[in-house]
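When we follow full-length UniProt numbering, the leftmost residue of the sequence shown carries the number 1, and every step to the right adds one. By construction, the Cβ of each residue, glycine as well, lies at the ideal position given by its N, Cα and C atoms. A quick note: this is a predicted structure, and the numbers were derived from the prediction, not measured.
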Amino acid sequence: MASNSTRLRAMALYKELHRLGRDYPDPSYDFQGRVRRMFEKNRNLTAKDEIEDALKLGEYIKKETLALYSLRKYRHLKRMYPSSTTEPITDHPPETIRSHSQSRPR
């Protein structure tokens, strides 16, 4: 039988993974269903080492999922804002742009 603290850790991990699954980028992967089946499969574990290994695997999955989300956000921002090494986007060709001091007659 698992101790109460281990049970609470497992429930908190399940809750976090379930929330992370809401935003999973590939709906055909069925992230939440896989998490549920994984927890149901490990429901009857009694050995302390096996329980710890299962919780460590769950924590690893959580970290990898968070990394996937961070990468997705980074890629989105990279597409939205071009890097500073590229030419700035302007409406006019460079030769038609004049500075304020050049446009006034002397």
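Exercise. Between the segment 66-83 and the segment 34-43, do at least 3 Cβ pairs fall closer than 8 Å?
Worked result: Verdict: no, contact absent.
For this session: Given a cut-off of 8 Å, decide if L17 and L73 are closer than it, judged by their beta-carbon atoms.
Result: One detail in the question is off: residue 73 reads as Lys in this sequence, not Leu. Result no, Cβ atoms of K73 and L17 do not sit closer than 8 Å.
Problem set entry | Alpha-carbon spacing of Y60 relative to H76, whole angstroms | Between Y60 and H76, the C-alpha separation is close to 24 Å.
For this session: Below 8 Å on the Cβ atoms is my guess for L55 versus L13; work out the distance and round it to an integer in Å.
Result: 6 Å
Problem set entry | Residue burial classification, A47 (beta-carbon count within 10 angstroms, cutoff 16) | By the Cβ neighbour-count rule, A47 is exposed, with fewer than 16 other Cβ atoms within 10 Å of its own.
Exercise. What is the DSSP secondary structure of Y69, reduced to helix, strand or coil?
Worked result: Here Y69 sits in helix by DSSP.
Exercise. In its own chain, which residues sit with a C-beta less than 7 Å from the C-beta of R9, not counting the 5 before and 5 after it?
Worked result: L55
Exercise. Taking the C-alpha atoms as reference points, what is the distance between S28 and I51?
Worked result: 29 Å
Problem set entry | Cβ-Cβ distance between Y69 and D30 below 8 Å | Taking 8 Å as the Cβ cut-off, Y69 and D30 do not qualify as a contacting pair.
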